[in-house]
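Colleague: Going letter by letter, the sequence shown gives residues 76 to 336 in my numbering.
Just so it is clear, CB atoms sit at the ideal spot from N, CA and C, and this is done for glycine as well.
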Amino acid sequence: MRRLTRRRHIQEEQDAKEMHWLAHYAELRKRLIRVMIVFVLSFIAGFAFSEPIVQWLKAGAQVQVDWHVFSPGDALWVWLQVAFISSLVVVVPYLLFELWGFVAPGLTPRERRVTLRYIPASAVLFAGGICFAYTVLFPMLLRFMQSLAERIGANEMYGVAQYFQFMFNFILPFGLLFELPVVMLFLTRLGILNPRILSRARKYAYLALVIIATMITPPDLVSDLMVTIPLFLLYEISLWLSVLTYRKMQRARSLHEANES
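1. Is DSSP giving G228 helix, strand or coil here?
2. Quick check: the Cα distance between V193 and I205, rounded to an integer number of angstroms?
3. Among F207, M220, K105, which residue has its Cα nearest to the Cα of L174?
4. With H, G and I counted as helix, E and B as strand and the rest as coil, what does DSSP make of G266?
5. Mapping the DSSP letters down to three states, classify G234 as helix, strand or coil.
6. Taking V129 as the reference, give the member of A101, F145, Y238 with the closest Cα.
7. Enumerate in chain order the residues of its own chain whose CB-to-CB distance from L262 is below 6 Å, with the five nearest sequence positions on each side excluded.
8. Taking the CB atoms as reference points, tell me whether G250 and F145 lie closer together than 7 Å.
9. Please report the residue range of the alpha helix (DSSP H) in which E254 lies.
10. Counting only runs of 4+ residues fully inside the stretch 156–227, write out the alpha helix (DSSP H) ranges in chain order.
11. When you compare only the Cα positions, how much space is there between I246 and Y209?
12. Rounding to the nearest angstrom, what Cα-Cα distance links L132 and P214 in this structure?
13. Identify which residue in Q139, S161, E254, Y100 has its Cα closest to the Cα of F118.
14. Between the C-alpha atoms of L330 and V257, what's the straight-line distance to the nearest angstrom?
15. Is it buried or exposed, Y100, if we count other Cβ atoms within 10 angstroms and call 16 or more buried?
16. Decide if P147 is buried, meaning its Cβ has at least 16 other Cβ atoms within 10 Å, or exposed.
17. Does S313 pass the burial test, meaning 16 or more other C-beta atoms within 10 Å, or should it be called exposed?
18. With DSSP as the reference, identify every bridge partner of W142, one or two as the case may be.
19. Since Y310 contacts L282 with CB under 8 Å, what's their CB separation in whole angstroms?
20. Of all Cβ atoms in chain B, is any one closer than 7 Å to the Cβ of L330?
21. Taking only three categories from DSSP, how would you classify G148?
22. Identify which residue in L252, Q156, L116 has its Cα closest to the Cα of V302.
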């Protein structure tokens, strides 16, 4: 009798765990569906406004460029790329909000407030990284490439699809790399990182950033430097913010211990 009761109890626990995971899966699935809906709607809106966005991108390059179409699908491919990038700008913050909503029930009220602040900061940094790369670095890179073409006596003829592919491959990684301060602050809050670890890891971080810069830029020294220097500054800003956050956490911990004693 006892064995039957014990087996029944174990089975009930297993069923409860299974229902718990099924509920989490259903909740995650529902949130991901909402993210996909927002992505599709923003993609459609981006496609509808692709023409003015393309003209704005052409003017924002600050360099005289003549585009050419080398295949019937080039123009359509550019519109699709513009729509995709536009939808990313909208859907990334919303995705972060849905992920926050998924994990929020397991957080304390204070943790919810703290983590919620990272969402607008992440969106601003993502957009800021793209804008910085496009308005500052990309024109410099384009002028440098044009000067190389002039030195070898080559006539410039840019395919519009190749131009936009090159541009997006260059500027998009900066949107992700500019998230570095938010990531470091979040890991500092969790206690995974602290200023001492970041200071000791500086030379390794610099080496990793140099490798990243060489991977996402054309193979020339000027482009590497244009990317590497801002990344170094980002790391130092992240370290400084980590120091401020860590000190604030230490003061709060000391005050809490003093109140308890």
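Modeller: Let's see:
1. Your numbering for residue 228 matches position 153 in the sequence shown. In this structure, G228 counts as coil in the three-state DSSP scheme.
2. For the purposes of this step, residue 193 is taken as residue 118 along the sequence shown, with counting starting at 1. For the purposes of this step, residue 205 is taken as residue 130 along the sequence shown, with counting starting at 1. Per the sequence shown, the amino acid found at residue 193 is Tyr instead of Val. Rounded to the nearest angstrom, the two C-alpha atoms are 18 Å apart.
3. Along the sequence shown, read from residue 1 onward, the residue named residue 174 stands at position 99. Answer by Cα proximity: K105.
4. As a first step, residue 266 is located in the sequence shown; it is residue number 191 there, counting from the start. Residue state, collapsed to three classes: coil.
5. Position 159 of the sequence shown, counted from the start, is the residue given in the question as residue 234. It is a strand residue.
6. Counting from one through the sequence shown, the residue named residue 129 turns up at place 54. Comparing Cα-Cα distances from V129 to each of A101, F145, Y238, the minimum goes to Y238.
7. Within the sequence shown, residue 262 is the residue found at index 187, counting from 1. Cβ neighbours of L262 beyond the five flanking positions: L268.
8. Sequence index remark: in the sequence shown, residue 250 carries index 175 (1-based). Sequence index remark: in the sequence shown, residue 145 carries index 70 (1-based). Not closer than 7 Å, so no.
9. As a working note, residue 254 is residue 179 in the sequence shown. Taken as a continuous stretch (DSSP letters only), E254 belongs to no alpha helix (DSSP H), as it is neither H nor E.
10. 184–207, 213–226
11. Sequence index remark: in the sequence shown, residue 246 carries index 171 (1-based). Sequence index remark: in the sequence shown, residue 209 carries index 134 (1-based). When rounded, the distance between both Cα atoms is 6 Å.
12. For the purposes of this step, residue 132 is identified with residue 57 of the sequence shown, where counting begins at 1. For the purposes of this step, residue 214 is identified with residue 139 of the sequence shown, where counting begins at 1. So the two alpha carbons sit approximately 11 Å from each other.
13. For this step, residue 118 is matched to residue 43 along the sequence shown. Considering only alpha carbons, the answer is S161.
14. One-based indexing of the sequence shown puts residue 330 at position 255. One-based indexing of the sequence shown puts residue 257 at position 182. Those two C-alpha atoms are separated by around 26 Å.
15. Your numbering for residue 100 matches position 25 in the sequence shown. Exposed is the call here.
16. By one-based count along the sequence shown, residue 147 stands at place 72. Exposed, because fewer than 16 other Cβ atoms sit within 10 Å of the Cβ of P147.
17. Numbered from its first residue, the sequence shown carries residue 313 at position 238. Burial call: buried.
18. Here residue 142 is taken as the residue at index 67 of the sequence shown, counted from 1. For W142, which the question treats as bridged, DSSP gives the partners Y233.
19. For the purposes of this step, residue 310 is taken as residue 235 along the sequence shown, with counting starting at 1. For the purposes of this step, residue 282 is taken as residue 207 along the sequence shown, with counting starting at 1. No, Y310 and L282 are not in contact; Cβ-Cβ is about 11 Å, not under 8 Å.
20. No chain B appears in the structure shown, which is made up of a single protein chain.
21. On the sequence shown, residue 148 is found 73 positions in, with the first residue counted as 1. Of the three classes helix, strand and coil, the one that applies to G148 here is coil, per DSSP.
22. Stepping through the sequence shown from its first residue, residue 302 is reached at position 227. Out of L252, Q156, L116, L252 has the C-alpha closest to the C-alpha of V302.
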